[in-house]
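Number of protein chains: 2
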Amino acid sequence: MTTMSESSVGPRPRPTMRQVAALAGVGIKTVSRVINGEPDVSPATRAKVKQAADSLDYQPDLHAGNLRRADGRTKTLGLLVGSVANPFYGTLHRAVEKAATARGIAVFASSLDDDSEREEALVSAFLQRRVDGLILATVATSQAYLAPELRRRTPMVFIDREPAGIEADAVVSDNAAGAALATRHLLEHGHRRIAYLGDLDSIQTARERRRGFLEELGRAGVATRDIPVIVDLHDEASANRAVLALLDSPNPPTALFTSQNLVTIGAITALRARALQNRVAVVGFDDISLADLLSPGLSVVAQNPQRIGEVAAERLLARLDGDQTPAHPYIVPTELIARGSGEIGPHA
Amino acid sequence: MTTMSESSVGPRPRPTMRQVAALAGVGIKTVSRVINGEPDVSPATRAKVKQAADSLDYQPDLHAGNLRRADGRTKTLGLLVGSVANPFYGTLHRAVEKAATARGIAVFASSLDDDSEREEALVSAFLQRRVDGLILATVATSQAYLAPELRRRTPMVFIDREPAGIEADAVVSDNAAGAALATRHLLEHGHRRIAYLGDLDSIQTARERRRGFLEELGRAGVATRDIPVIVDLHDEASANRAVLALLDSPNPPTALFTSQNLVTIGAITALRARALQNRVAVVGFDDISLADLLSPGLSVVAQNPQRIGEVAAERLLARLDGDQTPAHPYIVPTELIARGSGEIGPHA
DNA sequence: ATGAAAGCGCTAACAT
DNA sequence: ATGTTAGCGCTTTCAT
Numbered sequence: 538m539t540t541m542s543e544s545s546v547g548p549r550p551r552p553t554m555r556q557v558a559a560l561a562g563v564g565i566k567t568v569s570r571v572i573n574g575e576p577d578v579s580p581a582t583r584a585k586v587k588q589a590a591d592s593l594d595y596q597p598d599l600h601a602g603n604l605r606r607a608d609g610r611t612k613t614l615g616l617l618v619g620s621v622a623n624p625f626y627g628t629l630h631r632a633v634e635k636a637a638t639a640r641g642i643a644v645f646a647s648s649l650d651d652d653s654e655r656e657e658a659l660v661s662a663f664l665q666r667r668v669d670g671l672i673l674a675t676v677a678t679s680q681a682y683l684a685p686e687l688r689r690r691t692p693m694v695f696i697d698r699e700p701a702g703i704e705a706d707a708v709v710s711d712n713a714a715g716a717a718l719a720t721r722h723l724l725e726h727g728h729r730r731i732a733y734l735g736d737l738d739s740i741q742t743a744r745e746r747r748r749g750f751l752e753e754l755g756r757a758g759v760a761t762r763d764i765p766v767i768v769d770l771h772d773e774a775s776a777n778r779a780v781l782a783l784l785d786s787p788n789p790p791t792a793l794f795t796s797q798n799l800v801t802i803g804a805i806t807a808l809r810a811r812a813l814q815n816r817v818a819v820v821g822f823d824d825i826s827l828a829d830l831l832s833p834g835l836s837v838v839a840q841n842p843q844r845i846g847e848v849a850a851e852r853l854l855a856r857l858d859g860d861q862t863p864a865h866p867y868i869v870p871t872e873l874i875a876r877g878s879g880e881i882g883p884h885a
Numbered sequence: 538m539t540t541m542s543e544s545s546v547g548p549r550p551r552p553t554m555r556q557v558a559a560l561a562g563v564g565i566k567t568v569s570r571v572i573n574g575e576p577d578v579s580p581a582t583r584a585k586v587k588q589a590a591d592s593l594d595y596q597p598d599l600h601a602g603n604l605r606r607a608d609g610r611t612k613t614l615g616l617l618v619g620s621v622a623n624p625f626y627g628t629l630h631r632a633v634e635k636a637a638t639a640r641g642i643a644v645f646a647s648s649l650d651d652d653s654e655r656e657e658a659l660v661s662a663f664l665q666r667r668v669d670g671l672i673l674a675t676v677a678t679s680q681a682y683l684a685p686e687l688r689r690r691t692p693m694v695f696i697d698r699e700p701a702g703i704e705a706d707a708v709v710s711d712n713a714a715g716a717a718l719a720t721r722h723l724l725e726h727g728h729r730r731i732a733y734l735g736d737l738d739s740i741q742t743a744r745e746r747r748r749g750f751l752e753e754l755g756r757a758g759v760a761t762r763d764i765p766v767i768v769d770l771h772d773e774a775s776a777n778r779a780v781l782a783l784l785d786s787p788n789p790p791t792a793l794f795t796s797q798n799l800v801t802i803g804a805i806t807a808l809r810a811r812a813l814q815n816r817v818a819v820v821g822f823d824d825i826s827l828a829d830l831l832s833p834g835l836s837v838v839a840q841n842p843q844r845i846g847e848v849a850a851e852r853l854l855a856r857l858d859g860d861q862t863p864a865h866p867y868i869v870p871t872e873l874i875a876r877g878s879g880e881i882g883p884h885a
């Protein structure tokens, strides 16, 4: 079946250390020493082995080595995020990758897409590949299923949302403080009738943001009695409808605080549909690219996904290096960026 | 050293198949059969083994199994992109991940950041982890270093840019046709003096886009003699400067074709600085989120990163399934999206 | 400075 | 239907 030309140029099987040893005329352990940069090999032998390895295009099998290696490290890390297509997580991923690559660690990334059913399956897929640690933006109501793994001292850092049913490091934005920041900003510009437009109330961070909003109003002595608080908006369309209804109501708000990107965009399109984008103030939670090119520019409370990734990676690597300090949450501050939409005064 | 409480609640080592077998009171091969869903195990034995595995929180070691497994598949794939923080690659990554996950394949993702020095190192890191295949947006001038790996029949699909010095599948946007599309659009709206603003001429796709632009002008019989063609713009600032210079020149263009996102944004800010955003037409290459919320809306030739990812994954999986057809490039079409900026007529 | 032998956790091949 | 043995590619241990 195999033609002659195929057999001569055909696929050579991947060489093993044993074959490199045979070609170099040394024992297999000597090859191992050279590949791993261990001492006690004469320069001449080292050169001979290196040349043999190169000529065979030898690539050591990291996993085979790990089977017997003392530390058992795969130099691999699992990252579980909402979606790798979401720019927030993309930036975070990049930061994690940077820290990992610097230590020769490769990163598996998987998307959860709000599907809590997939969470356990994806974690299990990582674990079967013996990742050295996990960085997780979880979505399931409880992470108790990870308790056995935690007892095995597998480092785990939760991002974006704190874990439930388990004690582990977490790196999160200060959602309540960020929402309060946005609210105070609008209050300072004279607004009293500020509408809150929030994501699904089942999401912990969404609840935190709402809490921050309401508490700040409370601190300012604003009665939250007739403040419109609308939640469970999860996409642009529903946000758009909700804002249109508000604007068309008898006593419309003079300012909006939108607690999430898609909601913010839906709100902006609604304002434009009523030609009110320069009359009603908006502050959004979470930054959006090109926000400064809009008219008016979009004021936001920006999260810092890069910093979240950096801190999460730093924590994970520290745990890998033996850090035994008690697990606790790390809070990454948010920042108000004024670009115009949040600085519009109240119009009766 | 170890206290009593530590030794009782302390970290138990990860259980092996042998320990599951011992606990279940069966041979190790029977556990292997149950874990891998092989037949010829009685329901009673199967249940016994499953319970033992569960009670120990057993996770099979995929890599240990692969060492001996016939197909040697790690169910792992390497994805090398410009940057995982770039939304274009994020979308592409998501599409690849979707196809991979459906087959139980996990995805390693790494960023190149235009650093051709890292390319070989990152590929090597993937190879040492024995990925089943590679999807690569390469940046090095030649991919000849991959020839030995190709001979080993490691499936490889190049994306975004075609490989040099090697024959392998590639999935790319039709850069020249897309640029021609943009150019024709501007011509049809009456423009003759259209400026071209391009990325680094060292980038193959940038050259392709310029070629498409010039060829379309040629087809339309427009003398390219005094058409401003500016290249080697790689960021917003340089693009901004270049466009300002054009606008301030004696005979400014009535339309701009910007060949890349950052260049497009730099051009827009330049137009706004001269209050010309409603007088000078712009078509950008590559879509930008929120482009429709700008004033005027930004017209673009959109690439289809999701489709590129889908096709690349489909090709890779087909190769893994034994597809031996000759390697060739797959072209993913671009699409013109009119949003306003590209439909502005020429103003003397 | 070098290598032989054992074994990591698993699957393949072959018993029974 | 189940178990036993060998061996995957490597590191460890221990000789030399």
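Those protein sequences? They're chains L and Y, same order as listed. With positions in the first sequence counted from 1, the corresponding number in this note's numbering is that position plus 537. With positions in the second sequence counted from 1, the corresponding number in this note's numbering is that position plus 537. Built from N, CA and C at the ideal position, the CB exists for glycine as well.
Work out the CA separation of residue j and residue i for me, nearest whole Å.
{"i": "V694(L)", "j": "A684(L)", "result": "13 angstroms"}
{"i": "F837(Y)", "j": "L793(Y)", "result": "The question names Phe, but residue 837(Y) in the sequence shown is Val. Cα-Cα distance, rounded: 11 angstroms."}
{"i": "R549(L)", "j": "N712(Y)", "result": "37 angstroms"}
{"i": "A674(L)", "j": "G619(L)", "result": "7 angstroms"}
{"i": "R666(L)", "j": "D651(Y)", "result": "29 angstroms"}
{"i": "Y867(Y)", "j": "Y682(Y)", "result": "23 angstroms"}
{"i": "H726(Y)", "j": "I731(L)", "result": "45 angstroms"}
{"i": "A760(L)", "j": "P789(L)", "result": "16 angstroms"}
{"i": "L897(L)", "j": "E752(L)", "result": "A question about residue 897(L) goes unanswered here, because the residues of chain L that appear run from 538 up to 885."}
{"i": "L830(L)", "j": "T806(L)", "result": "15 angstroms"}
{"i": "R844(Y)", "j": "R698(Y)", "result": "15 angstroms"}
{"i": "G564(Y)", "j": "V557(Y)", "result": "9 angstroms"}
{"i": "M541(Y)", "j": "T553(Y)", "result": "Caution applies to M541(Y), whose pLDDT of 41 falls short of 50 and renders its modelled position unreliable; the model cannot decide the point."}
{"i": "P756(Y)", "j": "H728(Y)", "result": "At residue 756(Y) the sequence reads Arg, which differs from the Pro that was named. Roughly 14 angstroms separates the two Cα atoms."}
{"i": "V780(L)", "j": "L754(Y)", "result": "46 angstroms"}
{"i": "Q680(L)", "j": "E654(L)", "result": "12 angstroms"}
{"i": "S544(Y)", "j": "R605(Y)", "result": "Any reading at S544(Y) must be qualified, since the residue scores a pLDDT of 41, below 50, and its modelled position is unreliable; no value is offered."}
{"i": "A855(L)", "j": "K566(Y)", "result": "39 angstroms"}
{"i": "V644(L)", "j": "K612(L)", "result": "9 angstroms"}
Counting contacts by CB-CB distance shorter than 8 angstroms, is residue i in contact with chain L?
{"i": "I805(Y)", "result": "yes"}
{"i": "R549(Y)", "result": "yes"}
{"i": "A643(Y)", "result": "yes"}
{"i": "G627(Y)", "result": "yes"}
{"i": "L734(Y)", "result": "no"}
{"i": "L770(Y)", "result": "no"}
{"i": "A622(Y)", "result": "yes"}
{"i": "A646(Y)", "result": "yes"}
{"i": "S832(Y)", "result": "yes"}
In this structure, what does DSSP give as the bridge partners for residue i?
{"i": "Y733(Y)", "result": "V766(Y) and F794(Y)"}
{"i": "S739(Y)", "result": "Bridge partners of S739(Y): none, in fact."}
{"i": "L616(L)", "result": "A646(L) and I672(L)"}
Candidates the options: which alpha carbon is nearest residue i's?
{"i": "R746(L)", "options": "G727(L), D769(L), S679(L) and D591(L)", "result": "D769(L)"}
{"i": "A662(Y)", "options": "G834(L), Q596(L), S592(L) and G702(L)", "result": "Q596(L)"}
{"i": "D571(L)", "options": "G755(L), A607(L), R583(L) and R555(L)", "result": "The sequence shown places Val at residue 571(L), rather than the Asp named in the question. The option with the nearest alpha carbon to V571(L) is R583(L)."}
{"i": "T720(L)", "options": "L617(L), K587(L), A639(L) and V766(L)", "result": "V766(L)"}
{"i": "G641(Y)", "options": "A828(Y), S832(Y), D669(Y) and R606(Y)", "result": "D669(Y)"}
{"i": "E880(Y)", "options": "L857(Y), L854(Y), P842(Y) and S832(Y)", "result": "S832(Y)"}
{"i": "E634(L)", "options": "L616(L), P624(L) and A622(L)", "result": "L616(L)"}
{"i": "A774(Y)", "options": "G749(Y), S786(Y), D738(Y) and L734(Y)", "result": "L734(Y)"}
{"i": "L593(L)", "options": "G564(L), R551(L) and A632(L)", "result": "R551(L)"}
{"i": "V716(L)", "options": "G562(L), K585(L), V820(L) and A855(L)", "result": "Inspection of the sequence shows that residue 716(L) is occupied by Ala rather than by Val. It is V820(L)."}
{"i": "F822(Y)", "options": "S647(Y), E847(Y), L799(Y) and V557(Y)", "result": "L799(Y)"}
{"i": "L784(L)", "options": "R809(L), A743(L), Q797(L) and D598(L)", "result": "R809(L)"}
Check whether the Cβ of residue i lies closer than 8 angstroms to any Cβ atom in chain Y.
{"i": "R631(L)", "result": "yes"}
{"i": "Q840(L)", "result": "no"}
{"i": "P765(L)", "result": "no"}
{"i": "Q665(L)", "result": "yes"}
{"i": "A662(L)", "result": "yes"}
{"i": "L793(L)", "result": "no"}
Fill in: Near-chain L residues of the stretch 585–602 of chain Y (beta-carbon distance less than 8 angstroms), N- to C-terminal order
D594, Q596, P597, D598, L599, H600 and A601
Fill in: Contact set between the stretch 681–707 of chain Y and chain L, restricted to residues whose Cβ is under 8 angstroms from the partner
P685, E686, R688, R689 and R690
Discussion item. Along the stretch 797–826 of chain L, where does the CB come closer than 9 angstroms to a CB of chain Y? Name the residues.
Written reply: I802, I805, T806, R809, I825 and S826
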